[in-house]
Amino acid sequence: MLPKQIFLTRAMEFKYNCVKHSFIPDIHIILINYRLSDFDTYLSTGHFPTYIQWKKKVKVAVQETEESLWRFRTQIDKDFKLFSRIHTLSKGLHPAWTFSRKHPLLIEQCRFIVNLCTLTRPYEEPYFLCDKCGRFFGDITVHIVLSCETFQSKRDKFWCDLNDIGPIEFSAYLHSLTDEDFLACILSCHTDFDLDEDERTMFQKACITNI
Ligand SMILES: [Zn+2]
Numbered sequence: 064m065l066p067k068q069i070f071l072t073r074a075m076e077f078k079y080n081c082v083k084h085s086f087i088p089d090i091h092i093i094l095i096n097y098r099l100s101d102f103d104t105y106l107s108t109g110h111f112p113t114y115i116q117w118k119k120k121v122k123v124a125v126q127e128t129e130e131s132l133w134r135f136r137t138q139i140d141k142d143f144k145l146f147s148r149i150h151t152l153s154k155g156l157h158p159a160w161t162f163s164r165k166h167p168l169l170i171e172q173c174r175f176i177v178n179l180c181t182l183t184r185p186y187e188e189p190y191f192l193c194d195k196c197g198r199f200f201g202d203i204t205v206h207i208v209l210s211c212e213t214f215q216s217k218r219d220k221f222w223c224d225l226n227d228i229g230p231i232e233f234s235a236y237l238h239s240l241t242d243e244d245f246l247a248c249i250l251s252c253h254t255d256f257d258l259d260e261d262e263r264t265m266f267q268k269a270c271i272t273n274i
């Protein structure tokens, strides 16, 4: 029980401010950052949760704090504008990753579409000249996927694939989306439209193989 004795000695030194440099202050800072006050309770009362309770409490506290920090960062940083929207739509793991498990030959296309989701965009939308079609654009992904004339035939094929999925209402629904909503929909490989599982897989495949 030597480790426990060392721990208790250090803990008491920390409690009565006898020492400034040991592992206890480091642990204490981490616990405070995750709003876990059990160590302070333990120092004053001697009570501490059981191993199972403590493990569960730490897991919940770390998850809540990290999610809160993640939300704050994605809200204030304009670089994450599209990413946070896509992340909300797909709620967790990007569908391209689950798709790639069943279709390993398409893993490069899956990787590409996920990378597009995290591409940062210019804040002020400066305009660049497209060397393919000679038109100006602000966001290269929007331009290539939605409007560059050079890729019109690929875009037509993409729409053919999309039109083959589900009822005609799905095609009408996709056409009714704004450019921004449509881009978020196809980059996230996720739609709120009520598709069955096979149709949803077809939609994911159409996005992954055409973008
Ligand atoms: Zn172009």
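Residue numbering for the sequence shown follows the numbering used here, beginning at 64 and increasing consecutively.
Even for Gly, the Cβ is constructed at its ideal location relative to N, Cα and C.
* Mind checking Ile139: buried by the 16 CB within 10 Å criterion, or exposed? -> What you label residue 139 is simply residue 76 of the sequence shown in a count that begins at 1. Burial call: exposed.
* Which residues in the same chain as Ile149 place their Cβ atom closer than 7 angstroms to its Cβ, once the five residues preceding and following it in sequence are excluded? -> What you label residue 149 is simply residue 86 of the sequence shown in a count that begins at 1. Only Cys180, Ala247, Leu250, Ser251 meet the Cβ criterion.
* Rounded C-alpha distance that separates Ser238 from Asn178 -> As a position in the sequence shown, residue 238 is number 175, starting the count at 1. As a position in the sequence shown, residue 178 is number 115, starting the count at 1. Correcting the residue type first, residue 238 is His in the shown sequence and not Ser. Whole-angstrom Cα-Cα distance: 25 angstroms.
* Measure the C-alpha to C-alpha separation of Leu71 and Pro112 and round it to an integer number of angstroms. => Reading the sequence shown from its first residue, position 8 is the one you call residue 71. Reading the sequence shown from its first residue, position 49 is the one you call residue 112. Cα to Cα, Leu71 sits roughly 16 angstroms from Pro112.
* Asked: Exposed or buried, which one is Gln68 when buried takes at least 16 other CB atoms within 10 Å?
  -> Within the sequence shown, residue 68 is the residue found at index 5, counting from 1. By the neighbour-count rule (16 or more Cβ atoms within 10 Å), Gln68 is not buried but exposed.
* Length of the line joining the Cα atoms of Asp103 and Glu129 -> Here residue 103 is taken as the residue at index 40 of the sequence shown, counted from 1. Here residue 129 is taken as the residue at index 66 of the sequence shown, counted from 1. Between Asp103 and Glu129, the C-alpha separation is close to 22 angstroms.
* Asked: Sorted by chain position, which residues of the same chain lie with C-beta nearer than 7 angstroms to Tyr236's C-beta, five sequence neighbours on each side aside?
  -> Looking up residue 236 in the sequence shown gives position 173. Taken in chain order, the residues that qualify are Phe256.
* Asked: Is the beta carbon of Ile274 sitting closer than 8 angstroms to the one on Ile176?
  -> Residue 274 sits at position 211 when you count from the first residue of the sequence shown. Residue 176 sits at position 113 when you count from the first residue of the sequence shown. Yes; because the gap between Cβ atoms is below 8 angstroms, this pair is in contact.
* **Residues near ligand 1, criterion Cβ-heavy atom distance below 6 angstroms** => Cys193, Lys195, Cys196, Arg198, His206, Cys211, Thr213
* Opening and closing residue of the alpha helix (DSSP H) in which Met75 lies -> Counted from its first residue, the sequence shown places residue 75 at position 12. Unbroken alpha helix (DSSP H) run through Met75: 65-78.
* Please check the pair Phe199 and Ile207, which I expect to be a contact at CB under 8 angstroms, by giving their CB distance rounded to whole angstroms. => The residue you call residue 199 lines up with position 136 of the sequence shown. The residue you call residue 207 lines up with position 144 of the sequence shown. Not confirmed; about 14 angstroms, so no contact.
* Where does the unbroken alpha helix (DSSP H) through Thr128 begin, and where does it stop? -> Taking the sequence shown and counting its residues from 1, one reaches residue 128 at position 65. Segment 114-139, the alpha helix (DSSP H) holding Thr128.
* Would you decide whether Cys223 is buried or exposed? Buried here means 16 or more other CB atoms lie within 10 Å of its CB. => Translated into positions along the sequence shown, residue 223 becomes position 160. Classification for Cys223: exposed.
* Asked: Whole-angstrom Cβ separation of Gln172 and Ile93, contact assumed at under 8 angstroms?
  -> Here the question's residue 172 lines up with position 109 in the sequence shown. Here the question's residue 93 lines up with position 30 in the sequence shown. So it is not a contact: roughly 41 angstroms between Cβ atoms.
* Would DSSP call Leu106 helix, strand or coil? -> On the sequence shown, residue 106 is found 43 positions in, with the first residue counted as 1. Helix, per DSSP.
* Asked: Met75 to Gln116, Cα distance in whole Å?
  -> The sequence position of residue 75 within the sequence shown is 12, counting from 1. The sequence position of residue 116 within the sequence shown is 53, counting from 1. Computed Cα separation, rounded: 24 angstroms.
* Asked: Which class does Leu145 belong to by DSSP, given the choice of helix, strand or coil?
  -> Mapped onto the sequence shown, residue 145 falls at position 82. Reduced to three states, the DSSP call for Leu145 is helix.
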